[in-house]
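Each residue of the sequence shown is one higher than the one before, counting from 198 in this note's numbering.
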Amino acid sequence: MKSESALRKILHGVSSTAGTLESIGRPINSSEDLFVFSIVELLDGRSRREWENGISDSPNPPTFVLLKRFLEHRLQTLEAIQPVKSESVANKSSESSSRAARTHHVQKREPGWCTLCKKDHALMVCDDYKSKMAHRRQLVDGNHFCANCLGKHKIADCPSKRLCSVCSEKHHTLLHDAFRKVPTEESAEKTSLVAHSSSQRISTVLLATARIRIVDRFRNIQEVRALIDQGSEATIITEKLAQRLRLPRRHTSIAVFGVGGQQTGVAKGSVSVSVWPRSGKNSVSASALILPRLTVYATSSDASPTEWSHIRGLDLADSNLASLDPIDVLLGTSTPASCSAISEVVLARPLGDASGSEKRFLREDNFRDLYKEFMTTYESMNHMSRAVAGNRTTRRICYLPHHGVLKKSSASTRLRVVFNGSWAVFSGTSLNEHLQVKKNLLPALTDVLLRWRWHRYVLADVEKMYRQIVVHEDDRDLQRIFWRSDINAEMSGFRLNTVTYGLACAPFLAVRTLQQLARDEAENF
């Protein structure tokens, strides 16, 4: 990529990407080193050598601003030395004696790259342009700019394949509000009349909002405002919040229908989130669909809870009911949450619908029967016992999720229930992150095979080895589970009384116990 056009494409793409990220509130400051490295990898050999020579004397890592300045200067140099071929006729009287004359034209960019403020930057990163929200489209249309990348060409000739990050239409993200469909004057008048008429009959209504906490990809806690909707079958978050959380996204294509069976949107993706109330310590997990916007709900300016005696003094889940903060989460019945008098969010199981393994119970009778048989045997052998409500041996309590692993080829145990100690709890960390793993006590496989050859007969089997080792009473609350044999029954808590596979410390505890048992009982065998 030694040509001027190739370098211009790189500079245009860099400016467009940086401007887009900044416009959606995600500047590249946090990942500047990776951004600079990725851009440098696109340069040709000569440009890269000049870049490395330019930064070799600096002890600090190169910044994006420095790289952008280098690209601009490098582009100016290539434009200045780029030869432009032209043919000129030396002798007009003789057509046969015409000759071509090669000239070099030095092209200088006019001062002020930005059309609006005449400064040396692209229009998409211009502070003056971004501050004029109401006039952005007029500036683009008046100067005949491309509405997709803000370049000086027609939108039909735009090489950029990027779309609006909000609605995925072919226009720049900065122009999203300008391209939204505005209702006609007649419909707007009718809407305002209906709103005015209803305001005379209905007093201010507050929806069931709450302040909840969600852990993002980097284990940071994000406090957001949520709407608890018992009429919704799905949990939904906004695209803006999904960008902030940066959680792994799954591609979907699910149509969302609202009141009257009207389709309100299509969810193009979903994420798995862990949710817990602001003042609670019990988290729940949910799969949330992603939509560009959830609601335009806004409370009245006079909706102050201090003026209402019937809710004064209550510990509200949303301490500022009159807040104009946007609602970024809609908690539906798929998330275990319920609302009581909009004053307290209580974590409970969802009604009517099941999640996880229970959904599979409804589809596969064989899987359900094997799962129940395993858990019944687990309890009958006293490997787990029912937790007594209010009778805690310690304040440290951790509930582990579990799921079944079905092995149809196994003759002894076709299904094994696995307990997940790596599941993140309300603090954002998992139980395994707090447990000591210790060293691996198992001998090397080569040593085992060599010793195997010394004996004529070899027998080795410890049935349910982990479950033969009892955990101390004080530590059993750290390995609790929820279980119910019937989907319509009440959920019950159980304590696992033995070493649990799925915990990071389980292999060490099991092998170390067997080694100590062999030493203590060696004289009896």
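Quick reminder that beta carbons are idealized off the backbone N, C-alpha and C, glycines included.
Item                                                                                                                                               : Value
Just reading off the beta strand (DSSP E) that F454 is part of, what are its end residues?                                                         : R447 to F454
For the alpha helix (DSSP H) that contains F267, what are its first and last residues?                                                             : F261 to I278
For a test of the three-state rule: what should DSSP assign to Y596, helix, strand or coil?                                                        : strand
Going straight from the alpha carbon of R296 to that of N250, what length do you get?                                                              : Low confidence applies to R296: its pLDDT is 45, below 50, so where it sits in the model is not reliable enough to give any reading.
K437 by DSSP, collapsed to three states: which one?                                                                                                : helix
Would the C-beta of R583 count as close to the ligand NAP, meaning under 6 Å from any of its heavy atoms?                                          : Judged by which ligands are present, the structure shown has none, so any question about the ligand NAP falls away.
For the beta strand (DSSP E) containing I409, list its first residue and its last residue.                                                         : T406 to V412
When the Cα atoms are used, what is the spatial distance from H631 to A703?                                                                        : 13 Å
Pick out whichever of V634, W649 and K635 has its Cα sitting closest to the Cα of A641.                                                            : W649
Do T695 and H580 have their CB atoms nearer than 7 Å?                                                                                              : yes
Report the residue from W680, Q676, A407 and L491 whose alpha carbon sits nearest the alpha carbon of R692.                                        : Q676
Ordered along the chain, which non-local residues of its own chain (more than five positions away) have a Cβ less than 7 Å from that of I225?      : A215, L218, F232 and F261
Taking A483 as part of the beta strand (DSSP E), name the residues at either end of that continuous run.                                           : V481 to L488
Assuming M572 is part of the alpha helix (DSSP H), what are its boundary residues?                                                                 : D562 to S577
Identify whether S396 lies in helix, strand or coil by the three-state DSSP scheme.                                                                : Reliability fails at S396, whose pLDDT of 38 lies under 50, so the model's placement of it is uncertain and no value is given.
Given T381, which residues of its chain have a CB within under 6 Å of its CB, disregarding the five upstream and five downstream residues?         : Residue placement at T381 is poorly supported in this model, since its pLDDT is 42, which falls under 50; the coordinates are not used for a value here.
Taking the Cβ atom as the reference point for each residue, do T312 and N340 lie within a distance shorter than 7 Å?                               : yes
Please report the straight-line C-alpha distance between S212 and E247, rounded to a whole angstrom.                                               : 21 Å
Alpha carbon to alpha carbon, how far is V286 from F234?                                                                                           : Per-residue confidence for V286 stands at a pLDDT of 38, beneath the threshold of 50, marking its modelled position as unreliable; no derived number is given.
Can you tell me whether T695 is helix, strand or coil according to DSSP?                                                                           : strand
Tell me E420's beta-bridge partners as DSSP assigns them.                                                                                          : R410
Taking just the CA atoms, how far does V481 sit from S471?                                                                                         : 6 Å
Can you list, in chain order, the residues of its chain whose CB lies under 8 Å from that of S627, leaving out five sequence neighbours each side? : G618, S619, W620 and A621
Nearest to P523 by CA position, among Q713, A407 and A584, is which residue?                                                                       : A407
Which same chain residues, not among the five before or five after G462, have their C-beta less than 6 Å away from its C-beta?                     : V453 and L488
Taking the alpha helix (DSSP H) that Q335 falls in, what are its first and last residues?                                                          : R333 to G339
Between the alpha carbons of W473 and T432, how many angstroms are there, rounded?                                                                 : 14 Å
Taking 7 Å as the cut-off, decide whether the C-beta atoms of L491 and L527 are in contact.                                                        : yes
Considering only their Cβ atoms, is the gap separating L438 from V468 smaller than 7 Å?                                                            : no
Do you know how far the Cα of A657 is from the Cα of V645?                                                                                         : 12 Å
DSSP state of S471, grouped into three classes?                                                                                                    : strand
Taking C-alpha atoms, which residue in A701, D241 and G699 lies nearest to N271?                                                                   : A quick correction: the sequence has Arg, not Asn, at residue 271. Closest option to R271, Cα to Cα, is D241.
Look up W680 in the DSSP assignment and say whether it is helix, strand or coil.                                                                   : strand
Among G428, E420, S202 and S227, whose alpha-carbon lies nearest the alpha-carbon of A514?                                                         : E420
Only counting the same chain, and skipping five residues up and downstream in sequence, which positions put a Cβ closer than 8 Å to that of Q713?  : none
Bridge partners for M688 per DSSP, in chain order?                                                                                                 : Per DSSP, none; premise fails for M688.
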